[in-house]
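Residue 1003 in my numbering is what sits at position 16 of the sequence shown, and the numbering runs on without skipping anything.
From the three backbone atoms N, C-alpha and C, an ideal C-beta is built for every residue, glycine too.
Below you'll find the structure, written out as structure tokens, and then a few comments.
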Amino acid sequence: MKKREPISHIMTKTVVTANENDGLRKVVEKLRKNTIRHIPIVRGKEVIGIISRTDINRLTFGALFEGQEGADEAILDMLTITQVMTSKPMTVSSDTIIRDLAEIFVKEEFHALPVVDNGELKGIVTTTDVVRYFLEQYD
């Protein structure tokens, strides 16, 4: 097993983001269209928040992801991204060691973290990325 491999080897480098001024409907559309579960919220190149599919499901009782559009969409019009997002999310740098990231995920119970170098979003890394990496070590 590679002991000190950085997360730059496993992170997603092309990140789908939303702007703080976008509507929540746009966030839901991006989550669906790209089949992702987390979306960093940016102001320019700065990460100011993150929204997960779970955050949206809590608002809408999951209806938006189960084909029941219309049931809870009014909620999306009433709230703003900044009201729903996790503000000032923890971030990691691209040279963070994968093992250290795994410890963060276990301790903090996060499922995704934006990867930020010098104040600029460079990627996103998820628990799925870490599990996939560890599984590859057994091949």
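Enclosing alpha helix (DSSP H) for residue i [first to last residue]
i     : result
V1117 : 1114–1123
M998  : No alpha helix (DSSP H) holds M998; DSSP gives it neither H nor E.
I1062 : 1060–1065
V1014 : 1011–1021
Assigned exposure category for residue i - 16 Cβ within 10 Å defines buried
i     : result
T1047 : buried
D1116 : buried
M1072 : buried
V1014 : buried
Same chain, Cβ closer than 7 Å to residue i, neighbours up to 5 away in sequence not counted
i     : result
P1101 : P1027, V1034, I1037, P1076, T1078, L1108, I1111
D1104 : S1080, S1081
E1090 : none
Cβ pair residue i, residue j closer than 9 Å
i     : j     : result
T1113 : T1004 : no
I994  : R1119 : no
L1088 : L1011 : no
Own chain residues within Cβ distance below 8 Å of residue i, not counting five before or after
i     : result
R1024 : L1018, S1039, R1040, T1041, H1098, A1099, T1113
R1030 : N1006, E1007
K1032 : G1106, E1107, L1108
L1066 : L1011, L1046
Residues bridged to residue i (per DSSP)
i     : result
G1036 : I1028, S1074
I1084 : P993
L1108 : V1103
A1005 : I1028
Element boundaries [beta strand (DSSP E), containing residue i]
i     : result
D1104 : 1099–1104
Close beta carbons around residue i, own chain, < 6 Å, minus the five adjacent residues each side
i     : result
F1092 : T1114
T1083 : I994
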